[in-house]
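Q:
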Amino acid sequence: MMRKKRRSSVDKGEGAKKSRSTGRQRKEAAPEETNESVFSVFLREAGVTLKKGGTSNEIAVDQVVFQKRIQQQLRKSPRYPGIVQEFITGLESHIEDHERFRNCLLPCVPQLPDGDARSVSSFQESLLRMLLGIEMLQTPIINTLLEKLPEFMLDGTGDGGLSIPRIIINQLKWLDRVVDSKELASKLMELVSVAPVDVQRDIITSLPEILEDSQHNDIARELNILLQTDTQLTVPVLDALSSLNLSSSLLTEVRGAVMATLAAVQLEDLPVVVKFILHSVSASDAYEVVNNLRKKLELEQCVLPPVLQASQSRMKSKGGAVSASTPAAGSSVTLILDGIKSAVRFQKSISEAWVKAIESVDEAENHKVIDLLVLFILHSTNANQSRRGAEKVLKAKVRTGLIQDTLLQRTFRDYSQVMRGYFPSILALAQSLLRSPDPGVVPFGGHMYQLSFTVFESYCQQVGCPLILTDMDVIEKIESLSKAEREFLCNLLFHTINWFREVVNAFCRQKETELKMKVMTRLQNITYVQTLLERALAGTPGYVPPVANFDGESTDGLILSSAAPVNKAKKGNHRKAPSKSSSEGSSQLDETTEADETLQKEKEKEVRQGVSLMSYRQFFRELDMEVLSVLQCGLLSRSLLDSELHSKVQEEVMLGPAELVFLLEDMLRKVEFSLRAAPAKRAPFLKGRTDKSVGFSHLQQRSSKDIASYCVQLLPALCSHLEDCHNHFQTLLSENNGVVDGPATDVQEHQLMSYSYQLLLQILNTTFCWSGFSLPGQRSLLKKALGVLAERLKEQRPDLTLEQLVKHSFEYLLNFRSTMPSLSTALCLSQLLSTVSAKGGNSATYREQAASLAKRFLSQEWVTASGEKERGNKFNEALQTLLSIYLEHVDDVLKAVEEIAGEGIPELLNASKDESSASWPTLNRQTFLVFYKVMMAELEKAIRKIPAGKISDNSEAQSEKLLTWNLAVRDFHILVNLVKVFDSRPVLNVCLKYGRLFLESFLKLGMPLLDYSFKRHKEDVQSLLKTFQLSTRQLHHMCGHSKIQQDTSLTNHVPALKKSLELFLYRVKAMLMLNNCQEAFWMGNLKNRNLKGEEILSQRSSDDEEEEEQHSLLPQEQSEDEVPKINIEEDVDPDDITDDSDD
């Protein structure tokens, strides 16, 4: 019969290693053999070179080629078949030397002729194994090897850990064909009868791999006899029998013999015997075998005698062993139970047989410890039928009194270590008995619980502080609950969260991995319960949570303030009413109204889904500062038992996005409370409002320096989380080919990671904004904080200056600019960079980079994870601040404003309704007001920085200042004229407010310059005033428009603005008189017009009465229909007069 060839298991490391370092060319092999025999000549010609000493034999051809060549040489020899015996004689002569014999047993090494190894396999068998593959040589070589084997029986393991007898036996394994299998079996069994125990074991365990299937039954009978006569060979014999292909009758015979010797088997061999018995069972005889095994298996023999148990107990009281059984005995019992568990798990017939065997016991004294242990095993398997069967049998036996407390107590006392693996099943069975309606079994369940707590002292899984809550599925149908039930549910969730927060406070300082993981688990519980609470609060309006902090003067203020979040949510549903605009047909009105309606729907949807817990912060227990140390935890792992409670597996826990957001939100509140400037104390009559210090009673006991120092300690962890967020979005962009809203994007995860990114940047910014860093005594702490950021970029030297640390920190933070997920996050990064750069001696160095970064963010289209463009109030607020940062840091504000107003806005006007400006993607019809307001404010701020004109200024200085004012007035003219297109009330409001401020600054700073530069730069002054006059005319039209609309928010600006316009008129007249050019001043009638330039016809009749009433109050004020105009020229030529009147 052909058998599968398998690699020899001989250890060939040492010989192979030496052969590689001492290899020779083939031509050098001949001189090494002085007395050449047929054996050596044939080998050399076939491609094998014999070596002396510790050098391995070499082979120059593949072993198949070698075998074919030897066979051909023998068959073609004229002396065949006698040449075969000569060959064997030569072999026997060669292996007389032990070193040569050893070389022949070890693998040959490839010979590399001229460095070419293509024809030789990297792995070669030993010389003797290759010769055994030649059928005509196999039998005599086997005889030779078996005759040589006794010479080495008593040598033991030699150098390098090699056992010659074992290697000889390995040569016989997995031969392609055994020529005389029966003779080989006979000779091997003869060796077994005379060999030492170690060699006996090697031979017996190798029999299934040596013999052909035809010899299995014969060899099994001999092994069966050996099993009954020599107990030392029980394990190897059973291993061999398990691998032999036996007939059912012979298998039954062998199993019966094994069962008969069960009582005499040594303790360490018992698990193998039990395993063999159970794995050789068929479905037909399963019950008979299992029942017989149950009767003969006495686990009590694995336990120490009572005298020694007392000794063990004394040792236990002194801190010695815990179990009453020895480690070897406990290990054996564990292995026995594992064998039983394996059998019942994979063979249903055996599982049913055990249940039936235990059920068949009808006397209490006949029940044994193995019965209870097997019931625990059956319950621990995944099969529901086994679980139910175990519970049913145990209840029946306890009810009838067949399994009593004494047996249970003995089992727990003697086998507690073994039972640890089945602890969940023990508790489940005890719980099942306790909950049984049958009072006869309840005490037994209680006794099981008592013994569990008594025996398993170090096993604390049954102890703990879990919370028993109602089924949380009730949240889905909260609307169907009564008001009292909803409020009770909210109370339950508030108390749960507060309990978990205190648990985290108590254990967050622990260093053990186990406790750290439990803290992490509680944080996960908090975030989950908070999501439930948000939904419960949304369905319970008017609910007042239970008071959780007792650091206020009274609870009245807390109760009053607790209703605020609910009221605010209610107001939010009606606050966003569409506003009336001055122009009903305006496109801006339609877009604004549409945007407001969209935001309103989104807000109503959010309120239905859940209420923000930010307003309920005072009703949560305060987290200690040390809880933030959890941010330093990376990936936590521990070893624990798997679901089968058998093998070890790894459990890993790490801080998830939700838990990270939870901790970062708390940290941000803490640093903002402690490190920001303290707010002014409230007046007594404001006591009803929420006190911002509520919930920070522990934090107030620590100084701001302590808080800042602790934040610096956490900086490495914060930077790690910052880099994780950066890597997350970088990977997301690369996977989606640069698109944020790719198909594989998890929207919820994206939102959490984006918010984490933003919170981290806000925390860093608030920390570095601490005013204490400017104190001389805190300089070292500032350098330490900056050093943490700088070291993340590259390893730093300890002697770096503060300016160098600021530079490296700035570069480190700038690297995050490419992965900003939202405009709010981008704003936080810009603010942080500004804060860090301000810590250096020369913050102006970083102005250009800050402006460039802000412009980059403003020129980027911001899209959410769901694919929609960012919008809403928060987006507009962030955009306003970021645009202010850009205009504050840019070198030329006036040029930047002109770039946006002169290029970006025209692009917007030419774009479709939902499109944005091409050069400024953040500029669209919804964000126009933001851009307009910031540009107006920054323009007014910029002109206030222009130095006022002095009489001592030279011509060049005057010309430079006039040029600056020309740019400013031109920008102002562009912005004022935009109200003709964007005529919504907010835009008009901004224009009226900042138009007046611009006019006042021009009167204060610009007019003195015109006074002194008029004679030298008449044309420049004239051009400036003409441009400015166009803007003042538009402002006048806006005043009339505001009065017609009767919009209070607009008309409030009109008196002060008209006063400034009038003051501007007379100030120009004074300037002309100062320069002896008063003839250039004249006044004409300017009719009142609306924003579109259309004349207001219905105003005169209504305004005349008002004019008469106001005439006595402002005698010098002209009527609204009579607006003074000016014209400035060099020679007062009537042809050059600018006619601003409408005739």
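With the first letter of the sequence shown counted as 1, position 41 gets the number 41 in the UniProt record's numbering; the numbers rise by one all the way through.
Beta carbons are placed, not taken as given, at the ideal position from N, Cα and C, and that holds for glycine.
Since the structure is predicted, the reported quantities are computational estimates derived from the model, not experimental observations.
Can you tell me whether residue 1173 is helix, strand or coil according to DSSP?
A: As shown, the chain starts at 1 and ends at 1143. That puts residue 1173 outside it, with no answer to give.
Q: In whole angstroms, what is the alpha-carbon distance linking N350 and I203?
A: In the sequence on display, residue 350 carries Ile and not Asn. Taking the straight line joining both Cα atoms gives about 32 angstroms.
Q: Along the alpha helix (DSSP H) that carries P1008, what are the first and last residues, could you check?
A: Element bounds for P1008: M1007 to S1013.
Q: Helix, strand or coil: which one does DSSP assign to K692?
A: Note: K692 maps to coil in three-state DSSP.
Q: Identify which residue in T731, L668, H728 and A717 has its Cα closest to the Cα of I707.
A: Among T731, L668, H728 and A717, the Cα nearest to that of I707 belongs to L668.
Q: Which residue spans inside the segment 722-788 form an unbroken alpha helix (DSSP H) run of at least 4?
A: List check, alpha helix (DSSP H) in window: 747-768.
Q: For S351, write down the residues that DSSP places opposite it in a beta bridge.
A: DSSP output for S351 lists no bridge partner at all.
Q: Tell me which residues share the same chain as T835 and place their Cβ nearer than 6 angstroms to its Cβ, disregarding the 5 neighbours each side in the sequence.
A: Correct list, in chain order: N765, F768 and C769.
Q: For a minimum of 4 consecutive residues, which ranges assigned as the alpha helix (DSSP H) are wholly contained in the segment 1018-1084?
A: Counting only runs of 4 or more, we get 1018-1045, 1048-1051 and 1054-1074.
Q: Tell me the rounded alpha-carbon separation between I168 and E86.
A: The straight-line gap from Cα to Cα measures roughly 22 angstroms.
Q: For E1095, which residues does DSSP report across the bridge?
A: According to DSSP, E1095 bridges with R1089.
Q: Leaving aside the five residues before and after A310 along the sequence, list all residues of the same chain whose C-beta is less than 7 angstroms from its C-beta, in chain order.
A: Model confidence at A310 stands at a pLDDT of 42, short of 50, so the residue's coordinates are unreliable; what they give is reported in the following sentence. Cβ within range, chain order: n/a, list empty.
Q: Beta-carbon separation of R522 and F500 under 8 angstroms?
A: Yes, the pair counts as a contact, with Cβ atoms nearer than the cut-off.
Q: Got a sec, what are the start and stop residues for the alpha helix (DSSP H) S186 sits in?
A: First-last of the alpha helix (DSSP H) with S186: S181 to V194.
Q: For a test of the three-state rule: what should DSSP assign to V863, helix, strand or coil?
A: Residue state, collapsed to three classes: strand.
Q: Just to check my reading of the structure: V289 and I336 have Cβ atoms closer than 8 angstroms, yes? What is that Cβ distance to the nearest angstrom?
A: Actually they do not touch by this definition, with Cβ atoms about 16 angstroms apart.
Q: So what's K869 in DSSP terms, helix, strand or just coil?
A: It is a strand residue.
Q: Please state whether DSSP places E96 in a helix, a strand or coil.
A: Looking at E96 - three-state DSSP - the assignment turns out to be coil, as it is neither helix nor strand.
Q: Could you spell out where the alpha helix (DSSP H) holding Q849 opens and where it closes?
A: Residues R847 to L858.
Q: Hey, would you say W862 sits closer than 8 angstroms to K855, going by beta carbons?
A: No. Outside cutoff.
Q: With the cut-off set at 8 angstroms, would you say A364 and R294 are in Cβ contact?
A: No, they are not a contact pair.
Q: Measure how close the beta-carbons of R617 and T540 come, nearest whole angstrom, since I'm counting them as under 8 angstroms.
A: About 18 angstroms; that fails the 8 angstroms criterion.
Q: Locate the alpha helix (DSSP H) running through L375, then write down its first and last residues.
A: Counting along the chain, the alpha helix (DSSP H) containing L375 begins and ends at V369 to S380.
Q: Taking Cβ to Cβ, would you say S242 is nearer than 8 angstroms to H216?
A: Not a contact, by the Cβ cut-off of 8 angstroms.
Q: Buried or exposed: P271, going by 16 or more other Cβ atoms within 10 Å of its Cβ?
A: Buried, by the Cβ-count rule.
Q: Based on the DSSP secondary-structure assignment, which residues constitute the bridge partners of T49?
A: DSSP output for T49 lists E58 as bridge partner(s).
Q: Would you list the one or two residues that DSSP bridges to V109?
A: E58, per the DSSP bridge assignment.
Q: Is the segment 883-890 close to the segment 949-958, with three or more CB pairs under 8 angstroms?
A: No: the two stretches stay apart, fewer than three of their Cβ pairs being nearer than 8 angstroms.
Q: Excluding sequence positions up to five away, which residues of its chain have a Cβ less than 7 angstroms from the Cβ of P657?
A: These residues qualify, in order along the chain: E749, L752, M753 and S756.
Q: If you count every other CB in all the chains shown that lies within 10 Å of the CB of G339, and 16 or more means buried, which is it?
A: Under this definition G339 is a buried residue.
Q: When the Cα atoms are used, what is the spatial distance from R1089 to I900?
A: Spanning the two alpha carbons is a distance of roughly 28 angstroms.
Q: Give the single residue among N727, T205 and L43 whose Cα lies nearest to the Cα of G90.
A: The candidate whose alpha carbon is nearest that of G90 is L43.
Q: Just grab the DSSP bridge partners of S126 for me.
A: Per DSSP, P107.
Q: What's the call for F346, buried or exposed, on a 16-neighbour Cβ count within 10 Å?
A: Exposed is the call here.
Q: Would a C-beta distance cut-off of 8 angstroms place Q171 and L128 closer than the cut-off?
A: In contact: Q171 and L128 (Cβ atoms closer than 8 angstroms).
Q: In three-state DSSP terms, what is S206?
A: Looking at S206 - three-state DSSP - the assignment turns out to be helix.
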